[in-house]
Structure formats: structure tokens, C-alpha cells
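Since the structure comes first, as C-alpha cells, the remarks are kept for the end.
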Amino acid sequence: MLSALMTTPVFAESKDHIEQYQLNMTKGVTDISAGVYDMHMLMFIICVVIGAAVFIAMFISMYFHRKSRGAKPANFHESVKVEIAWTVIPFVILVVMAVPAMNLLIDMEDASEPDVSILVTGSQWKWHYKYMDNDVEYYSKLATQADQISGKLPKGENYLLEVDRPLVIPTGQKVRFLITSDDVIHSWWVPDFGFKQDANPGFINDAWTNVNEPGVYRGQCAELCGKDHGFMPIVVIAKEPAEYSKWISEQEAVQQQAKAEEQRLLSMNMTMDEAMEQGENVYNANCAACHMPNGEGLPGVFPALKGSQIAVADQPKHIDILINGVTGSAMQSYAKQLTMSEIAAVVTYERNAWGNDTGDLVQAKDINSAMNGQ
Amino acid sequence: MTTTTDDTQHDSHADDHHEHHIPYGITRWLYTTNHKDIGTLYLWFAFIMFLIGGAMAMVIRAELFQPGLQIVEPHFFNQMTTVHGLIMVFGAVMPAFTGLANWLIPMMIGAPDMALPRMNNWSFWILPFAFLILLSSLFLEGGGPAFGWTFYAPLSTTYSADSTALFVFAVHIMGASSIMGAINVIVTIFNMRAPGMTWMKMPLFVWTWLITAFLLIAVMPVLAGAVTMVLTDKFFGTSFFDAAGGGDPVMFQHIFWFFGHPEVYIMILPAFGIISAIIPTFARKRLFGYASMVYATASIALLSFIVWAHHMFTTGMPVAAELFFMFATMLISVPTGVKIFNWVATMWRGSMTFEVPMLFAIAFIVLFTIGGLSGLMLAIVPVDFQYHDTYFVVAHFHYVLVTGAIFSIMAAVYYWLPKWTGKMFHIGLAKWHFWCSLISVNVLFFPMHFVGLAGMPRRIPDYALQFADFNKWISIGGFAFGLSQLIFLVLLIKACKKQGEPVSAQVWEGAEGLEWEIPSPAPYHTFETPPVVK
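Protein sequence lines, in the order shown, are assigned to chains A and Z.
Mapping of the first sequence onto my numbering: position 223 corresponds to residue 223, and the numbering continues sequentially without gaps.
Position in the second sequence (from 1) plus 374 gives the number in my numbering.
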């Protein structure tokens, strides 16, 4: 409570930066998104004109042709000429709309000859980005704290639109997104880029963008994808090509190092305290959304870990589920999402938290041997 | 309800030599084969469902009143949006139209009853069980359906709770009920028109319902197929919608929307019939372009079968398919426009008065036009990529379904209620109901256009801070609209208690048609000897 009071002024200040009462679609930051905006405004103006014409005719009639003003009803009730006119004229207006729409669509759907290709994979409830031309891939998850959502902490400026690791792309280059899903259908949408594209499990869709200005662009999953559909944001940082090249080679080096480090850690043993501490962090970031922070799950939807047979007895099965997931359920494979020592830590945590108290301590090398089928 | 029995018994003695007694008590309603009783049952059932579905909307709006999670968990929120949609579509709008069809079609074409009265009884009485099954699933472990009323696979198959089976059975029962209702309407209209009631003399409400009934028979089996495939994918190891087994999740959407788009017209064509009855009455002038209205309705129905994929532009269709569905969808605005122009032309140089049914009808034309125009914007593929799955879409379909379909149902109830009860409803309450509904419904749905354009996705329980101010207003509008319907409830209870001034057979000065030639209230049995239509 005290901390909430203390941070309130910051909150109030930051709120000023958010555009309240935004009425219209964004123009975005690409040529395509500007074209989409123009098409939207063209449609909007035509619709307003048609609507206004109809309503004015109606209200004139309601004012002048009312019984209380002594209006006598006329007798006419059909006219082929008029009927033809208001069939043909709308048709012509439709053609006027359809031609620019068709041209814009054909441009939007041409994802050929990209400079950069990125595989975007949705899963419940995070995005995975894999750069096809570089050895870089990572998950991107909601970074807003649970306490902000529940109202225990004041909400930050980018509440629900912030992630731990944003996607980084170069400006002025054609970036192609190959979009798919590991589980249910998601939809990848950054309004500033002017498109959204569904992520279908088992199929790959493509889309592209060419961002004009460096900046941070935010979006969200747009297709209902289960419980935390509303908590699956997208953040894209567009950098100048030179900065982007620097960033991508740094990432390549970092990821290389991490892999080497993981191999090295295989021979190291964690203590129980270390494993429990790391395990709790990993659990809260990856597992708590479904199995709940108290390990009790959501009965009938997500199973409880607290007191479950697998978490208190069958250790090989427990490790197997983390590595391979459970087919036909929402339980994903974590083999690529977590390092071996993280898996070891979270298994240890799950076997000892919430009164499970097995005393089991799992090490990275146990995970390694399970992965290699030993 | 015993007063009804007395009144009508009296009338039927005077009118014809009908000797048997009208049943009374609960068995009257359980065993009834009378089209008027079944119409009343349908209408009350629809109204109760409207209140239940509305209560769920109140939960949704309460949670969205401000950012953060305050009232419900996301999983329950998803159940609310799903069941709200299912109840409003299958429990409120469709049964209300079927109720109106039951009451009015025999009276409008001079028939003594529906053609298949026992099936009529059955098609109503299975409905409460369908909704009991659906609603009870909310109380099971894992909760009820939480995958949206569109139940996209694989969210509704691999990733859903076991209660999905109950959802599937409930939809099957609703579908069977709708198909039986539709068969009854078709058989009645084809075979039981009074002598002289030729096709092109039928009231437009009869025409629009005839076309709607064909749509129902064409697409409800498709929905049944879709839910059955969901059932077998989830419980029996098939892979219709699972790529890992050679299926395709996008195929689900094609099948669903092949049902779903005609379904949209199932919920609006009878509304066109209602408005085409009310506007001429209160403009005291014949409907402009009767024949073109019939042809426009038929064209809309035919086009509705070739536009389904406009719900799926972001699924990754080929450009050629996107263009085809865009052009076909845009075409629908031509016959729809013709209807609106015809209504305005009917009003033009009429002699108008603004009784409550007319108020609702005029609100319908204005607000349905707004919903129709935003629909035209949504048809344009490149901009739909931005609109799709945002609150802009939510605004669009609530304008056509709430201020379209539901306002037309309210207009119909106010228009024909005096004929049904023999008494004028409480006009003061009715006007309060109209004005409160009209204002609140726009506070509720109009700002949804803005938050949608600003980038707020549908079906989220919590949102970013820039959407907060509008959402507060939307919720206030929602609560006000919900409360306004309680005025309607009070009015309907008063009407059923037969309170109010007695009305003449014609009720409204400009009303024309067979139903206005029989006494008010309409006797329990009408047109046992067919009238002759000149």
C-alpha cells in the first residue's frame, strides 16, 4: 500500500503520455499502413456521405410528411426507373471502392524477395522469434507484473503492451514474417504495420513489412487463444540497418556462448537452495499461468501439481513431460524454451514446493541424459 | 392466464361452432398444439434468454469497466463471452423470430394453424432442455465452453474442457428445433394460404420468413456437422481439424462460416419483414416497391452462401480467394441498400405518426444502416486486416444484431401486442423503454468503433491504458441498456395481466392485412373457415 502511494505521482505523470480518446486508426509507419489508412478514410467518407443522404431524406420526410402537420398520404408505391437508379448507382460506387482496394491488397500480399526472414511461432501465451538468416532465436513474453494486473501495484505506461525480449528488425528493409503456431490459432498484429496474420498450427502463413522510421511498435495477439489471450503482447523495435547488424551479431555471439555455458554447466551440481530459488523464478515465468502460483492448477482444465502422483513419485515421467510435453493437451515441450539447468531447477522446485516435499534434487546432467534417451 | 381462456372462449362461441374447451393450467402449455400458445411460449422463452444472456454481458462490462482484473478470472471471462453469444444467437434472437412466425404467419395468410402442430410443440419443448444443458456446463469442473461462440478448432477440441460434449449436444438440440420450425413454416406457407392469397400478395413478413426457413434448412445441418467433427476430434481421436493427423484447423472455419454467414441473414431477414409491415402502417401509404423487396430478400439469401470467407481474411487465403469474397460481400450491399431506400420512399410524402412500434422501426432503419455501412468497410480486405478481431467488429455486429434484429423484435412486439392481448400496452412505459434503450445502446456500442480503430482486440478481459476512458463509457451504456430492459419486462407483465385500454380489431389506424380483420384479442382459433382474399 505504501509503495503504491509513493509511486502514484509517477503513474499520473506517465499517464499524460498516453493518447486518451484516440478515435481513429493509426497511419502507422510503413507505406502499406499509410495506404491502408487512406483506404479506410476513403471508405469512411463514402459511407458517411451515403448515410447522411439517407438520414436527411428520412428526417425531411419525418418533419414535413407527418400527420400532425396535415400531410395527406400520396399514392405512389412503385417506380421501375427509381428502382433501377438505386440499384445501378450503388453498384458504380462499389466499383470505385473495389479498384483501389484490389491494388492495395495485391501489394500487401507480395512477400517475395525479402531482405530478412523471421519465423514467428505463437504458443499459449507467448511468441517465439527465429531469425532465418542468423543463428538467433528466443521467446518473447508479457513483462507486466502480476501485481499490476491484480491492482496491487499501479499500472505502468505500457501496461499489458510490454515484453521481456522484443523482436528487433531493421528499418528500410523488407522483413518477411513466416507465421505459425505450436498449439491453437493465434494472430500476429502490430497496428503500426497495417496488417494482422493468423498463426495456424501445422501451416505457415507469410506477411511482410518495411518500416520507415526507427522506433518501438506495440501490438497484441488478435485471435482468441485461451485463458491468457489478453496477455500476449508483441513489441517490435525497428533499428537503423547498421545498428540492427550490430545487434544481430551480438545476439549470435551471446546465444553461442549460452550454449557453450550450458554444456559446461552439465558437470556442475546445484545445491537444493540454489535449485529451489531458480526453480521458483522459472516456474512463475513459465508454468504459473496454467498450473497457478500455488500449484493447484485449474480443475478440469489444467491439472494440479501439488500432491500429483507424477510430481511426488514418478520422477522420470515428470522430466519426460517437461522435455516432450503431453500430446493432445495444452502442455508444451520445454526442451527448447528452457535450458537444461532451468528444467532441472523447475523440476526440483515442483517436487518440493507446496508440501510436495520429496527431497528430490534434479541436476542438469539428469535432464541431459533424459534428453539423449539414456 | 385463466382470463385469456375466458375471453377467447367467449369469442369463439360467438364466431363459430367450436365446442371443445380450451385446456388450462400447466398442461395447456405442455401439450399445446395451438400456434398462438406456442408463439407465446417461444417469445417468453426468448425474453428470459435475453435477460440471462444480458446478465452475462453485464459481467463482461463490469470486468471491462476499468483496466486490471477485478471481478472475474480470464477463464471465466471467456466462458461469459462464449455463452453470452450462444444464448443471444440461439436462445434469444432465433426463438423470438420463430415465436413471431408462429403467432403471425397463420393469421397473415388466413390459415387456422401451423401445418404440423405436434411437431411445432416438440420443436419448442426441446429448446429449454438444450439451454439447461448449455447453462449447466458452466457449473462443471473446468467450466463451460470458453472458446468463443465460433468455437474455432483446435481451441474447442484438443485444448477445451470436457464440458465441450455438453455444448455439442446442446447445439444439436437447438439445430433440430430450428430445422423443425423451418419445415413447419415452409409447409404452412406452401399449403395453407387462403384462397386468393397468391405469392405476390403475401405480406413481406411471410416472404422473408419463407426465405429464412430455406436458409435454416440449408445451413443448420452444416453446423451439426461442424459440432460433430469437434466432438469426434476431441473424444474419439479423429483429426478433421488437426494438422498432425492430416486435417486442417482452417477447414473448421470454412465449415463454420458456411453455416455462420447465412445464419447472420437468418437473424435479419425476418426483421426486414417486420419493418416492411410497420413503416407503411404509420406512414399511411403502401410499401414502396413490394416486388423489389421480395427480389432483394431472395438475392441477399442467395448471396449469403458465397460470402462466408469474409470472416476469415486473415487466415492466409490466396489473393484470388480474398478478392472473390471481397467482391461478393460488397455486392450484398446493393439489395440491402434497395430495402433501405424503399423504406425511406415509403415514408416520403406519407402521413406519418410516431407510435412506439414506429419509433423502434425508425431507430432500426437508422442504426441498422450504420451497422450495414460499417459492414461494407469490413468487406474491404486490406483494411479488414486492421479491423479484424477488434472492437470495430464488435460494434458492427451489435449494431446489426441489437439495434437491428432485437429492435425489430421489440417493434414487432409493440405492433402486434394489442392484437394478442386485446388491450393497449402502457404507452408511457413503452416510450420510456424506447428512449432509454435508444440512448444507452448508442453509448454502449458507438464508442466501440473508436476503441476498435485505436487497436483494442476482441475477447480480452483486460486492456492497455489508452482504452480505459472509452471502456468506462461503454460499460455505463451497457448497464443502462440492461436496466432499460427491465422497463420492458414490467410492461410485458402488465400486458399479460390484460391491463390497459381495449383496442379495436384494426388497432392502428393505417394497419392493413388479414390479422387486423380478426377481433382483438385474436380468438384462440382463427380462420377455421378460410377467408377470401381479393
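Beta carbons: idealized from backbone N, C-alpha and C, even for Gly.
For clarity, every value in this text was computed on a predicted model and none was experimentally measured.
Backbone secondary structure at residue i - three-state DSSP
i: N452/Z; result: helix
i: R69/A; result: helix
i: N558/Z; result: helix
i: A828/Z; result: helix
i: P905/Z; result: coil
i: F799/Z; result: coil
i: I204/A; result: coil
i: Y898/Z; result: coil
i: P692/Z; result: coil
i: E889/Z; result: helix
i: T358/A; result: coil
i: Y765/Z; result: helix
i: P709/Z; result: helix
i: S534/Z; result: coil
i: M726/Z; result: strand
i: F302/A; result: strand
i: S858/Z; result: helix
i: V120/A; result: strand
i: S33/A; result: helix
i: T602/Z; result: helix
i: K868/Z; result: helix
i: R567/Z; result: coil
i: P644/Z; result: helix
i: S3/A; result: Annotation note: pLDDT 39 at S3/A (below 50); position unreliable, no value reported.
Element boundaries [beta strand (DSSP E), containing residue i]
i: N103/A; result: Element bounds for N103/A: not the beta strand (DSSP E) but the alpha helix (DSSP H), V80 to M108.
i: S369/A; result: Here S369/A belongs to no beta strand (DSSP E); instead the alpha helix (DSSP H) covers A364 to M371.
i: Q444/Z; result: First-last for Q444/Z: undefined, no H or E at that position.
i: K126/A; result: K126 to Y131
i: K196/A; result: F195 to A199
Residue i - partner residues in DSSP beta bridges
i: R218/A; result: V235/A
i: T209/A; result: V175/A
i: I422/Z; result: For I422/Z, which the question treats as bridged, DSSP gives no partner whatsoever.
i: I169/A; result: A238/A
i: Y139/A; result: H128/A
i: P469/Z; result: None; P469/Z has no bridge partner.
i: P876/Z; result: K797/Z
i: V163/A; result: L142/A
i: T180/A; result: T121/A
N- and C-terminal bounds of the alpha helix (DSSP H) containing residue i
i: I739/Z; result: V730 to A753
i: W188/A; result: Note, W188/A: premise wrong, no alpha helix (DSSP H); beta strand (DSSP E) at H186 to V190.
i: S497/Z; result: P491 to W499
i: I149/A; result: A146 to S150
i: I668/Z; result: Going by the sequence as given, residue 668/Z is Val instead of Ile. Taken as a continuous stretch (DSSP letters only), the alpha helix (DSSP H) holding V668/Z covers Y664 to L677.
i: G279/A; result: M272 to N286
i: R351/A; result: M340 to N352
i: Y21/A; result: Segment: none, Y21/A is in no alpha helix (DSSP H) and carries neither H nor E.
Residue from the options whose Cα sits closest to the Cα of residue i
i: M25/A; options: F193/A, W127/A and T348/A; result: F193/A
i: H546/Z; options: F513/Z, K575/Z, A504/Z and Y526/Z; result: A504/Z
i: V136/A; options: L119/A, Q124/A and W125/A; result: L119/A
i: S308/A; options: L322/A, Q220/A, P293/A and E350/A; result: E350/A
i: H498/Z; options: G465/Z, L529/Z, M482/Z and P528/Z; result: Reading off the sequence, residue 498/Z comes out as Phe, not His. For F498/Z, the nearest C-alpha among the options comes from G465/Z.
i: G202/A; options: T348/A, T121/A, I169/A and G172/A; result: T121/A
i: T368/Z; options: D182/A, P170/A and A345/A; result: Missing from the structure shown is residue 368/Z; chain Z here goes from 375 to 908 and no further.
i: A556/Z; options: T582/Z, A683/Z, F771/Z and S894/Z; result: T582/Z
i: M576/Z; options: I483/Z, L540/Z and A618/Z; result: I483/Z
Residue i: CB within 6 Å of a non-hydrogen atom of the ligand COA
i: H628/Z; result: Annotation note on the ligand COA: not contained in the displayed structure, which lists no ligands.
The region 834-846 of chain Z contacting the region 892-908 of chain Z, beta-carbon criterion three pairs below 8 Å: Under the Cβ criterion (8 Å, minimum of three pairs), the region 834-846 of chain Z does not count as touching the region 892-908 of chain Z.
What residues in the region 505-529 of chain Z bring their beta carbon closer than 8 Å to a beta carbon of chain D? Although the question refers to chain D, the structure presented lacks it and instead comprises the protein chains A and Z.
Determine contact between the region 638-656 of chain Z and the region 562-570 of chain Z, defined as no fewer than three beta-carbon pairs at a distance below 8 Å. no
Does the pairing of the region 91-107 of chain A with the region 690-702 of chain Z give three or more beta-carbon distances under 8 Å? yes
Three CB pairs or more closer than 8 Å across the region 363-373 of chain A and the region 265-275 of chain A: yes
Determine contact between the region 647-660 of chain Z and the region 588-595 of chain Z, defined as no fewer than three beta-carbon pairs at a distance below 8 Å. no
Touching by the beta-carbon criterion (3+ pairs, under 8 Å), the region 521-536 of chain Z and the region 458-476 of chain Z: Taking a cut-off of 8 Å on C-beta distances, the region 521-536 of chain Z touches the region 458-476 of chain Z, as three or more cross pairs fall below it.
Hey, is the region 61-75 of chain A in contact with the region 661-678 of chain Z, meaning 3+ C-beta pairs nearer than 8 Å? no
Under 8 Å: do the region 763-780 of chain Z and the region 731-742 of chain Z share three or more Cβ pairs, one atom per stretch? yes
At a cut of 8 Å, does the region 278-292 of chain A reach the region 336-351 of chain A through at least three beta carbon pairs? yes
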